[in-house]
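Enquirer: So the sequences go chain by chain: W and B. Take this note's numbering: the last position of the first sequence gets the number 114, and nothing is skipped along the way. Take this note's numbering: the last position of the second sequence gets the number 1114, and nothing is skipped along the way. Ideal Cβ placement from N, Cα and C applies to all residues, glycine included.
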Amino acid sequence: NAGVTQTPKFQVLKTGQSMTLQCAQDMNHEYMSWYRQDPGMGLRLIHYSVGAGITDQGEVPNGYNVSRSTTEDFPLRLLSAAPSQTSVYFCASSSTSWGTGELFFGEGSRLTVL
Amino acid sequence: AQKITQTQPGMFVQEKEAVTLDCTYDTSDPSYGLFWYKQPSSGEMIFLIYQGSYDQQNATEGRYSLNFQKARKSANLVISASQLGDSAMYFCAMRNTGGFKTIFGAGTRLFVKA
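(1) Looking at chain W, which residues of the stretch 1030–1048 of chain B have a Cβ within less than 8 Å of any of its Cβ atoms?
(2) On a Cα-Cα basis, can you pick out the residue from W/Asp-38, W/Pro-75, W/Ser-97 that is closest to W/Gly-53?
(3) Go ahead and pull the three-state DSSP assignment for B/Gly-993.
(4) Spell out whether any CB of chain B is found under 8 Å from the CB atom of W/Ser-33.
(5) Kindly indicate which residue of B/Gln-1083, B/Asn-1058, B/Gly-1085 has the alpha-carbon position closest to the one of B/Gly-1033.
(6) Can you give the Cα-Cα distance for W/Gln-37 and B/Lys-1101, rounded to whole angstroms?
(7) Can you tell me whether DSSP reads W/Ser-93 as helix, strand or coil?
(8) If you run the structure through DSSP and keep just helix, strand and coil, what is B/Ser-1074?
(9) With B/Val-1112 and B/Val-1013 assumed to form a contact (beta carbons below 8 Å), what rounded beta-carbon distance in angstroms separates them?
(10) Please tell me whether B/Leu-1110 and B/Met-1045 are closer than 8 Å, where the distance is taken between their beta carbons.
(11) Output, in sequence order along the chain, the residues in the stretch 1069–1093 of chain B whose CB is closer than 7 Å to any CB in chain W.
(12) Suppose contacts are defined by Cβ-Cβ distances below 8 Å. Is W/Arg-77 in contact with W/Glu-59 by that definition?
(13) Taking all protein chains shown into account, decide if B/Gln-1083 is buried (16 or more other Cβ within 10 angstroms of its Cβ) or exposed.
(14) Using 8 Å as the cut-off, can you tell me whether the stretch 1065–1077 of chain B makes contact with the stretch 15–25 of chain W, which would need three or more C-beta pairs spanning the two stretches below that distance?
(15) If contact means a Cβ-Cβ distance below 9 Å, which residues of the stretch 40–72 of chain W contact chain B?
(16) Which residues in the same chain have their Cβ closer than 8 Å to the Cβ of B/Ser-1065, if we skip the five residues on either side of it in sequence?
(17) Distance, Cα to Cα, B/Thr-1097 vs W/Ser-93?
(18) Could you check if B/Leu-1021 is buried or exposed, using at least 16 other CB atoms within 10 Å of its CB as the buried criterion?
(19) For a cutoff of 8 Å on Cβ pairs, would you count B/Phe-1012 as touching chain W?
(20) Just the C-alpha distance for W/Tyr-89 and W/Ser-109, rounded to the nearest angstrom, thanks.
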């Protein structure tokens, strides 16, 4: 059972570089989302999607772009990385049509911006 | 706007005792779900328990129960008979049923003492 797969697990960037965090799920979940986790601040929602072609901003969207061209994939793009984007990033998905709607998480991606 | 508040950054509990982790929420939506997740030191996010806003009874899952007081907008997690393996970060989360996006509180770090 793959569940939610995030890559890469670790990444070091220099200020101004761009990169994409990949997220894929094999559970046919309609809802996918990206969070960042910083000490003392919990998980903050960056962007989310309720289906292919539909995305929306969360609590902290600035500096990040997303797209959802398929049900399975929801990549997160940093166009010009800044040290403030140093964080642990989690992708999560859930069903919107059955169950309680609990989130299924990837293992996380630790990003350091120098 | 939705908001989740966890006011206990850290808590200690003696092994085999019960502990309550506090969570208050704010939302104007009549339909929502409340969740608790556990994050051990290994970093993965584990779903523990769910409470729907229209559920009449408090949710229970094994040693976990959710003390849901709708009028006070609180959804406290009670862990009975604490074990050393319960030492972790605990997050309260809320999802409004219409929009599906889920937001989290800042978390409570629980330490279980032998």
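Expert: According to the structure data:
(1) Near chain W, meaning a CB-to-CB distance below 8 Å, the residues of the stretch 1030–1048 of chain B are Gly-1033, Phe-1035, Tyr-1037, Gly-1043, Glu-1044, Met-1045, Phe-1047.
(2) Ranking W/Asp-38, W/Pro-75, W/Ser-97 by Cα distance to W/Gly-53 puts W/Pro-75 first.
(3) In the structure as shown, chain B starts at 1001 and stops at 1114, and residue 993 of chain B therefore has no counterpart that could be examined.
(4) So, interface residue.
(5) Among B/Gln-1083, B/Asn-1058, B/Gly-1085, the Cα nearest to that of B/Gly-1033 is on B/Asn-1058.
(6) If I take the Cα positions, the gap works out to 16 Å.
(7) Residue state, collapsed to three classes: strand.
(8) When secondary structure is reduced to three states using DSSP, B/Ser-1074 falls in the strand class.
(9) Confirmed, about 6 Å.
(10) Remark: C-beta atoms of B/Leu-1110 and B/Met-1045 do not approach each other more closely than 8 Å.
(11) Those residues of the stretch 1069–1093 of chain B placed with their C-beta closer than 7 Å to a C-beta in chain W are Phe-1091, ordered along the chain.
(12) Contact flag unset, no.
(13) With fewer than 16 other Cβ atoms inside 10 Å of its own Cβ, B/Gln-1083 counts as exposed.
(14) No: fewer than three Cβ pairs fall under 8 Å.
(15) Residues Gly-40, Met-41, Gly-42, Leu-43, Arg-44, Leu-45, Tyr-48, Val-50, Asp-56, Gly-58, Glu-59.
(16) Cβ neighbours of B/Ser-1065 beyond the five flanking positions: Ile-1049, Asn-1058, Ala-1059, Leu-1077, Val-1078, Ser-1080.
(17) Each residue's alpha carbon lies about 15 Å from the other.
(18) Buried.
(19) B/Phe-1012 does not count as touching chain W.
(20) Distance between the alpha carbons of W/Tyr-89 and W/Ser-109 is about 5 Å.
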